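Participant: After the structure tokens below, expect a handful of questions from me.
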Amino acid sequence: MSQPPKMARRNIPWVLWELLLRMRLDLLLMLVLCGLALAIKADPQVGDLSIIDGSGLSMLGIAVSIFVGFRNTQAINRWWEARVLWGSITNEARQWRDTLQTLIGSQEAFRQQQQQLVALQVLQCWVLNFELRGIWRSDARTQVDALSRSLGLPADTSLQRSLQHRAQLIGSLYSQGAINDWGRDALLRCSTAFINSLGGLQRIRNTPLPPTYDVFIRLICWLYGYALFASFASRDSAWTGAVLFLGFITAERIGAYVEGPFDQDGSSFCVPMDAICSTISADLLPTSPLGRLPISRDPSRWS
């Protein structure tokens with residue numbers, strides 16, 4: 010029995026590197042601003058670098074903590090909702106397979122159509138993965154294109170086209186007498202559950218945080234961090250101020266990165282969609298290469 014996913018300690022530097030790589034422009038700007046403040050302080054005529062007085066800085070710090078905390082909470086909620094929806098899709102795929110087996114598994118004349126519908130579910134999961142991320146994993150794309158052609162669909166088929174094809178196949182089974190009214194209703198309920206889940210994922214992808222809110226949180230975080238650095242630098246504790254400045258900027262940026270659980274880079278900020286789709290492929294099509302793609306089980310290297 011395999012162990013549950015767990016990040017290896019040796020990959021901690023990799024996670025930090027991913028974060029630094031994403032924050033490279035922020036870190037560069039922070040370095041420039043801090044260097045500018047220290048250069049001004051070196052002037053003998055400048056006695057105090059403080060931008061905001063002590064009481065104002067304390068009040069601003071409380072506001073920043075609330076807003077950054079709220080942003081991170083919302084980001085984790087979005088990430089977790091996406092993961093729950095992908096979990097629902099996994100279960101719905103298994104239910105689809107089992108429902109088809111129950112309804113027409115004993116009818117040899119319709120075995121090929123049953124297999125097509127099961128394979129179509131696998132195809133839809135991978136196409137959903139690709140459309141959410143906006144980029145194609147090359148080895149998976151090759152196998153998905155081959156699967157599409159085997160189902161009579163174009164290699165670059167869309168999710169909507171595959172859904173329409175599934176509806177046509179269900180209608181064909183009903184018209185041929187392979188399933189009765191109850192069976193058609195059962196298949197349509199499975200299809201509806203899948204469509205509801207994918208609609209939720211598309212909503213998360215297509216509805217980011219309002220731009221005004223995003224910009225406001227980022228601005229007050231930078232203002233507070235820089236004011237805090239200036240205050241500490243005035244007391245010859247520039248290093249402490251820089252560490253605190255970096256801490257607030259990093260906390261705000263982590264929230265921003267986690268808000269996008271379908272990023273193209275497949276980093277540890279993302280939902281592991283390749284791993285989920287590979288699991289679905291192995292469950293529904295045990296002999297398919299899509300179920301044997303090289304997938305990391307370490308959360309720091311999820312794809």
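Using our numbering, you'd call the opening residue of the sequence shown number 10 and step up by one each time.
Just so you know, even glycine gets a beta-carbon here, dropped at the ideal spot from N, CA and C.
In this text the structure is predicted, and so the values were computed from the model without any measurement.
1) With a Cβ-Cβ cutoff of 8 Å, do Leu299 and Trp135 count as a contact?
2) Please report the straight-line C-alpha distance between Leu172 and Glu261, rounded to a whole angstrom.
3) For Arg92, I'd like the list of residues in its chain whose CB is within less than 8 Å of its CB, leaving aside the five on either flank, ordered along the chain.
4) Quick one: measure Cβ to Cβ for Phe254 and Gly234, integer angstroms, because I've assumed they're closer than 8 Å.
5) Leu129 and Arg175: beta carbons closer than 8 Å?
6) Alpha carbon to alpha carbon, how far is Ala239 from Leu29?
7) Once you ignore the five residues that flank Leu132 on each side, which residues in its own chain have a CB closer than 7 Å to its CB?
8) Can you grab the Cα-Cα spacing for the pair Leu302 / Pro163, in whole Å?
9) Are the beta-carbon atoms of Phe257 and Val267 separated by less than 8 Å?
10) Relative to the C-alpha of Cys199, which residue among Asp62, Asn100 and Ala48 is closest?
11) Measure how close the beta-carbons of Ala242 and Ala46 come, nearest whole angstrom, since I'm counting them as under 8 Å.
12) For Trp361, does the three-state DSSP call read helix, strand or coil?
13) Cutting at 6 Å between CB atoms, please list the residues of its own chain near Phe119, excluding the five before and the five after it.
14) When the Cα atoms are used, what is the spatial distance from Cys316 to Thr166?
15) Quick check on Gln173: does DSSP put it in helix, strand or coil?
16) Need the endpoints of the alpha helix (DSSP H) that Thr108 sits in, please.
Facilitator: On the basis of the data shown:
1) yes
2) 39 Å
3) Pro270 and Val280
4) 4 Å
5) yes
6) 23 Å
7) Val153, Leu156, Ser157, Leu160 and Ser171
8) 22 Å
9) no
10) Asn100
11) 6 Å
12) As displayed, the chain neither begins before 10 nor continues past 312, which places residue 361 out of reach and without an answer.
13) Ile113 and Ala187
14) Outside the displayed range of the chain (10 to 312) lies residue 316, so it cannot be described from this structure.
15) helix
16) Gly63 to Ile113
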